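Chains as they are written, first to last, in numbering that gives the first Met the number 0: chain L, 0 to 524; chain V, 0 to 524. We put the CB at the ideal spot given by N, CA and C, even for glycine. Just so you know, these numbers come straight off a predicted model, no measurement behind them. Quick notes on the structure that follows.
Number of protein chains: 2
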Amino acid sequence: MRSMWAPSGVEPVGPCVSTEIPGPVSKRLRAEMDPIHQTTSVKFFVDYERSFGNYLVDADGNTFLDVFMQISSLIFGYNHPDLIKVLSDPRFISAAVSRPALGSFPRNDFAPTISRALSAIAPKGCPLVQTMLCGTSANENAIKTAFIWYQTQKRGGPPSAEDLVSCMKQEPPGTPNICVISFDGAFHGRSLAALSMTHSKPVHKVDIPAFHWPVASFPRYKYPLEKNVQYNGEQDNDCLAKVEELIERQKKAKCEVAALIVEPIQSEGGDHHGSPAFFQGLRDITKKHGIVFIVDEVQTGGGGTGSFWAHESWNLSSPPDIVCFSKKLMIGGYFYAEHLRVKEPYRIYNTWMGEPTKLILLEKAIEVIKRDNLLEQVRKVGKGLQSGLRQIEISNQFHSRTSEDMLVAAFNKKCILRLVVISLLRGDGSLVSKIIFGFLRPECNEIFQSANNSKMRNVRGLGSYCAFDLCDTATRDKFLDTAVSNGLHMGGCGDTAVRFRPALIFTENHLEVALDIISKSMKRL
Amino acid sequence: MRSMWAPSGVEPVGPCVSTEIPGPVSKRLRAEMDPIHQTTSVKFFVDYERSFGNYLVDADGNTFLDVFMQISSLIFGYNHPDLIKVLSDPRFISAAVSRPALGSFPRNDFAPTISRALSAIAPKGCPLVQTMLCGTSANENAIKTAFIWYQTQKRGGPPSAEDLVSCMKQEPPGTPNICVISFDGAFHGRSLAALSMTHSKPVHKVDIPAFHWPVASFPRYKYPLEKNVQYNGEQDNDCLAKVEELIERQKKAKCEVAALIVEPIQSEGGDHHGSPAFFQGLRDITKKHGIVFIVDEVQTGGGGTGSFWAHESWNLSSPPDIVCFSKKLMIGGYFYAEHLRVKEPYRIYNTWMGEPTKLILLEKAIEVIKRDNLLEQVRKVGKGLQSGLRQIEISNQFHSRTSEDMLVAAFNKKCILRLVVISLLRGDGSLVSKIIFGFLRPECNEIFQSANNSKMRNVRGLGSYCAFDLCDTATRDKFLDTAVSNGLHMGGCGDTAVRFRPALIFTENHLEVALDIISKSMKRL
């Protein structure tokens, strides 16, 4: 038996980039890959053995601080020593080479493993869990569960003989004409049904046939929230009214709504947030109409928002019916309420139904999160990240305005003196302006917020899942390229947004590095 | 660093069952699991650490010879030592704890790993490969690839601005009204789109909305094939004519056929085989109409049919456009022809796009298959399995008929003497009758084949993927229960079929054990 490889165990002291990105090695590897596999979306190749903690090392040896973490899917960054230890657990070994068809032949330790890995973090009101392989299969099976429940309720029991015969011809009543409401800007995966609920970007959807299911509007808030209370409240109300309207319209069209699916943060679509009031409204409407309320926490679940589930921050009067997960939680799946339990065998089923190796790793991850107080750390670093980004935003707005504009506006608001001081300090930038902005009166901030010609805007976040917008797609893309060439690897989303999806081990030290690079990169735009 | 667990390395000498199935431990574990996870389809719990080779050990310590192998998904059975060694490979370790989003940030060893694990077994004409996570995601992305190609051909280029705008409203031309032909009895997975191409059992489909795509007929042959050449040929022709008819009908209905998807053996649907002539006909029709020909080898790929791909036995005049795989090949994915390469980034994409740990295990598996000549072994043991099953079939038919019937029929066919001898030997059964049947004239066999009251019929197979039918569902289910209580774990499929899906390490010694238990179990029906 060979001894196990162990990574260095020490994070790099900071980023270090010495080639263009992608570098020559990445380019060569891409050329080698091209004859056997598509490469069009490859950014660069990664040396996963040398990457560690929050730092990614690419094939050219460049070292980046990674706050995107494989599209938000690495809970502890790279090569976490506690996870590596799990690989020598006999349970992991046998699961890795003797993978069960666990719907029929589960491992004898399946229940306690689920219990420690998943039930331990079950969202309130959803004691049952079903593991799957990825976010898309989680969502597919969540809506299937909803359809089965909806039809069972309607009939008052299991499928009739007529249902069983007609479904084989794909005719009603066995194949029902029912639907799911999803939202403009949503992303729920890329299978055909998931794409029918996805409305983020044309590149996801074009040329693919779709179910013609209704699409509701998701709020688009103005920031900062506290300055736009009325506008944002109207957004919520308008969007909720549209949902009610769609439910009625679908009833008339004889294609009733069985479920509604929504993300806490529309991530792929551009990091759009909804308010607790909006989500409470959705919960109320779905309850009123007997519609299954599905919260897609594939991206937001797992701790990055400062709690295991983003929807915990909504303080709902009654919990969601289904909560989907994947990414940071390593496997896919969904938690669901007892009333949705499917009574007949083989209806929610497939060969693998998940992956025990991931479950065994996740069990350890949950233990480490608790042991190391990582949620507390995420909340703390998240606050720092949001306030740091707001300071850069304000600084950037200030830098973007002409001196004349600023002075006139500031004179009107009677904060001219401070502005003059800042103007004098413009040259050296962020640190000094950060301190000074801390003292600025809110009225003065407001001037900057209203600036139209600033490049960075709409800083927002929940825990460490923060984002901001840039003025257009080209500027956003240029910013991401500049940041990565400065050693910070971030993610884009929607048309103009930049998002943070750091691992749970992202600390205030990493935050400092990140903010400095962002500040520097903004100035180069 | 802890030392790694190693299993015994020795297969049990034979099956050993000492409790009812499921046993008391399985029942207790099921009760523990029920409050947190559905358990309706659980057969029994498995001790995967104690299982080894072709033998599965359940939670109660019962030992079964396993010819179902986790729904045909374990290539080397349980805890293969060569696969266990892979787990200490640094590539495996880093991949297991630092999972890449490999569409954008692949491992620096991705190309050589794919090359050794997959390109090494690429079907002729399909040099490109795309890894996914399971069979369903393979099929979903295969049809997406087909849709993208079909629309690109039709337009003569990438999507237009109109396409990109209209697809966001799910309206044509961006969201096209095009379809896939699938077959009656097919199984292609359980996502909504895959279910729309699945027509095996009502329990898969009922209550789930579907795409209204056309369904063709798959041949239903009479066995033995050599005695039913004309009937089976007509089956092929009728089914092919129906496909042509559907293509024309869809054109008129303004919902053109972009792809046709078919399994070499309709496994879930009841182990229905198609002839090389039938598949050649499908290839010709799809070529003629510019339709993408997708062969779903999720169950048949990986060596169990005696070659890496079941479609190799068809001797097609031109290869399939796409070949999907999963199960024994550990991950999901599809091979495809160069002309189907999608030129734009992010169209065939998702977070994980496969799983490098599986690819690293698969690399070793391909090496072992070649080193140990396992395909040769499968072909050899497959022949033995088919002939052994035919002998049991004939013996069973004989036992099922009344003496009078048999004697009269045999008299007419002038083989009365041999029949008398066999009649005398009826009591002790299989071994003696096997020897004697070896000498029987084909005319005499024919009598037995035509018997209506025999329970076992239609023995068929390709490599070790064999099957037979029993007279009805209740008898089939009783047979499976009897076999498992005798120590043989087999799979059911369709309404009345029993299928073999042994691992590639299934040898003639295991075959002897299996046939004896089948023979014994048949007699108890």
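Smallest Cα separation from A100(V): which of A119(L), L73(L), R27(L)?
L73(L)
Verify the CB distance criterion: does M455(L) have a CB-CB separation below 9 Å to chain V?
no
Best match in Q129(L), A121(L), S316(L), K42(L) for proximity to T39(V) [C-alpha to C-alpha]:
Q129(L)
Inter-residue CB distance, H211(L) and P263(L) (contact presumed, cutoff 8 Å)
That belief does not hold up - the Cβ atoms of H211(L) and P263(L) are roughly 26 Å apart, past 8 Å.
What ranges does the beta strand (DSSP E) occupy inside the stretch 159–210 of chain V, keeping only unbroken runs of at least 3 residues that lie completely in it?
177–182
Answer yes or no: does any C-beta atom of chain A fall closer than 9 Å to that of N140(L)?
Among the chains of the structure shown, chain A does not appear; the protein chains present are L and V.
Would you list, in chain order, the members of the stretch 30–41 of chain L that have their beta-carbon closer than 8 Å to a beta-carbon of chain V?
E31, M32, P34, I35, H36, Q37, T39, S40, V41
Roughly how many whole angstroms lie between the Cα atoms of G490(V) and H338(L)?
32 Å
Q265(L) CB to nearest chain V CB: under 9 Å?
no
Reduced DSSP secondary structure (H/G/I, E/B, other) of D471(L):
coil
Could you check if E139(L) is buried or exposed, using at least 16 other CB atoms within 10 Å of its CB as the buried criterion?
buried
At a Cβ threshold of 9 Å, is Q229(L) touching chain V?
no
For L101(L), which of helix, strand or coil comes out of DSSP?
coil
Please tell me whether M352(L) and P201(V) are closer than 9 Å, where the distance is taken between their beta carbons.
no
Between the CA atoms of D295(V) and A450(V) - distance to the nearest angstrom:
Reliability of the predicted coordinates at A450(V) is poor, the pLDDT of 44 falling under 50, and no value is obtained from them.
List the residues of chain V that L191(L) touches, going by C-beta distances under 7 Å, in chain order.
E139, L191, A192
With a threshold of 8 Å, are at least 3 pairs of Cβ atoms found where one atom belongs to the stretch 474–492 of chain V and the other to the stretch 266–276 of chain V?
yes
Same chain, Cβ closer than 7 Å to G437(V), neighbours up to 5 away in sequence not counted
Caution applies to G437(V), whose pLDDT of 47 falls short of 50 and renders its modelled position unreliable; the model cannot decide the point.
Neighbour list for H198(V) in chain L, Cβ cutoff strictly below 7 Å:
M167
Does any CB atom of chain V fall closer than 9 Å to the CB of P89(L)?
yes
Terminal residues of the beta strand (DSSP E) in which Y333(L) lies
331–335
How would you call A258(V), buried or exposed, if buried means at least 16 neighbouring beta carbons within 10 angstroms?
buried
Cβ-Cβ distance between H488(V) and L117(V) below 9 Å:
no
Which residues of chain L have a Cβ atom closer than 8 Å to the Cβ of H79(V), listed in chain order?
V96
Closest by C-alpha distance to I20(L), when choosing among R475(V), R49(V), S103(V)
S103(V)
Leaving aside the five residues before and after L281(L) along the sequence, list all residues of the same chain whose C-beta is less than 8 Å from its C-beta, in chain order.
L239, V242, L259, V261, F292
Leaving out five residues on either side along the sequence, give the residues of the same chain with a beta carbon under 7 Å from the beta carbon of A513(V).
L64, V66, L487
How would you label H362(V), buried or exposed, when you count the other beta carbons within 10 angstroms and need 16 or more for buried?
For the sequence presented, residue 362(V) should be read as Glu rather than His. By the 10 Å Cβ count, E362(V) comes out buried.
Could you list which residues in chain V have their beta carbon closer than 7 Å to that of I147(L), in chain order?
D206
Using a Cβ-Cβ cutoff of less than 6 Å, which residues in the same chain neighbour L358(L) once the five nearest sequence positions on both sides are dropped?
T112, A116
Boundaries of the alpha helix (DSSP H) in which G280(L) is found, first to last residue:
275–288
Using beta-carbon positions only, say whether R98(V) and Q37(L) come within less than 9 Å of one another.
no
Which chain V residues sit within Cβ distance under 8 Å of I368(L)?
Ordered by position in chain V, no residue passes the 8 Å Cβ test against I368(L), which lies about 15 Å from the chain.
Determine the burial state of C133(V): buried for a count of at least 16 other Cβ atoms within 10 Å of its Cβ, exposed for fewer.
buried
Beta-carbon spacing of V16(V), S484(V) below 9 Å:
yes
Suppose you measure from the CA of I70(V) to the CA of S7(V); what does that come to, to the nearest Å?
24 Å
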